[in-house]
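Right, one structure below, let's go through it.
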Amino acid sequence: MSERFFNRYEFKYLINEETAANFLRLITPHMKRDQHTDDNATYRISSLYFDTRENLFLDEYLRGERFRQKLRLRVYNTPNLWDTCFFEIKKKFSKYVNKRRAKITIGEAYAWTRGERTLEEMIKIFPTEAQILREIHFLMQLYQLEPRVVISYDRQAYMGIFDENLRVTFDRHLTKRHTLLEPHQQGGDQRYLSTGKVVLEVKTNKAIPLWLASTISELECRKQTFSKYSNSYHAPEIREKQMKKQLEKQLEKQIKVKS
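Here you go:
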């Protein structure tokens with residue numbers, strides 16, 4: 367959880383608990399639990415997502431745009447205001463992800479988003495984060511971004527034994543709230559993913575290794591788009607649009623085959 371900049375491919379799968387258990391069993395010889403996790407390889411993530419008043423970033427997802435971006439403030443487990451958090455810019459083109467994030471204290475992050483700190487003051491407090499703080503400021507000013515929703519979930523995380531850039535995560539108990547928009551707060555959270563469903567993510571800056579690709583194939587895990595932020599809003603509408611998009615792609619393939 368300490369990286370500031372990275373580029374990688376991300377693949378998502380929506381699976382059930384039985385598949386998750388079998389998946390974990392098959393990858394165990396090749397992976398170890400993330401060093402930041404507890405004995406169950408788990409930690410809690412809470413993220414405050416920003417968007418425009420017209421929900422520009424949400425609409426980019428609904429329209430199926432290949433290039434999408436997000437701004438979020440992420441905390442881990444149950445922190446205090448003086449603990450650190452990550453203020454992140456995440457940009458995605460198809461399955462390729464670029465992430466840039468500033469490591470700052472939670473209290474100062476809140477003060478900045480409330481307008482109680484200027485960019486210059488933040489840079490003075492966190493000089494090593496100056497470049498990313500400028501980028502975040504530019505994005506917030508360009509789009510007039512506002513706090514919109516807090517998404518929380520339990521993440522079970524593993525990394526490759528011989529390649530620590532290879533990561534496999536299992537996300538469970540997804541909740542959302544549109545009030546108390548500071549991630550360290552608690553209360554008012556609502557579940558929005560069916561009980562027994564798990565979001566599996568595979569992240570790598572190389573090709574997926576053969577043993578992992580075989581595991582994905584053996585357990586019949588199917589890649590799909592799944593945005594935790596977007597699905598926290600109009601989940602039925604999103605699923606309908608995703609299904610329509612998949613049907614359109616299938617028809618395009620059929621037309622190409624016939625031609």
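When you line the sequence shown up against this note's numbering, it's residues 367 to 625, in that order. All residues carry an ideal CB built from backbone N, CA and C; glycine is no exception. These figures come from a predicted structure and were not determined experimentally.
Under the DSSP definition of a beta bridge, Ile381 partners with Val564.
The residue from Tyr375, Glu383, Arg374, Asn373 with its alpha-carbon nearest to that of Asp537 is Glu383.
As the crow flies, the alpha-carbon of Tyr415 is around 7 Å from that of Lys436. When DSSP states are grouped into helix, strand and coil, Tyr595 belongs to the helix group. With 16 or more other Cβ atoms from the protein chains shown falling within 10 Å of its own Cβ, Thr581 counts as buried.
Sorting Thr561, Thr535, Ile502 by C-alpha distance to the C-alpha of Lys398 places Thr535 at the top. According to the DSSP assignment, Ala468 belongs to no alpha helix (DSSP H) but to the beta strand (DSSP E) extending over 462 to 471.
Between Thr570 and Leu532 a beta carbon distance of about 5 Å is seen, short of the 8 Å cut, so the two are scored as contacting.
Counting only runs that start and end inside the stretch 508 to 552, the beta strand (DSSP E) elements of at least 3 residues fall at 512 to 526, 533 to 543. Leu559 is bridged by DSSP to nothing; it lacks a bridge partner. Shown here for Glu376: same chain residues with a beta carbon closer than 7 Å to its own, the five before and five after excluded, namely Lys461, Val463, Glu567, Lys569 in chain order.
Counting along the chain, the unbroken alpha helix (DSSP H) around Phe423 starts and ends at 422 to 428.
One thing to note: Ile517 has its Cβ no nearer than 7 Å to the Cβ of Ser596.
A direct Cα-to-Cα measurement between Ala523 and Thr408 gives close to 6 Å. Your pair Glu420 and Arg438 does not check out as a contact, with CB atoms roughly 18 Å apart and the cut at 8 Å.
Proximity to Glu548 across Thr479, His396, Phe371 peaks at Thr479, based on C-alpha coordinates. Linking Arg557 to Lys563 through their CA atoms gives a straight-line distance of about 12 Å.
Taking the C-beta atoms as reference points, Pro445 is found nearer than 7 Å to His550. Within the DSSP bridge table, the entry for Gln401 names no partner. Burial of Pro513 is indicated by the presence of at least 16 other C-beta atoms within 10 angstroms of its C-beta. Boundaries of the alpha helix (DSSP H) around Thr581: 576 to 584.
Non-local beta-carbon contacts of Met488 in its own chain, meaning distances under 6 Å to residues more than five positions away in sequence, involve Trp478, Leu499 in chain order. Following the DSSP letters along the chain, one finds Leu485 inside the alpha helix (DSSP H) bounded by residues 485 to 491.
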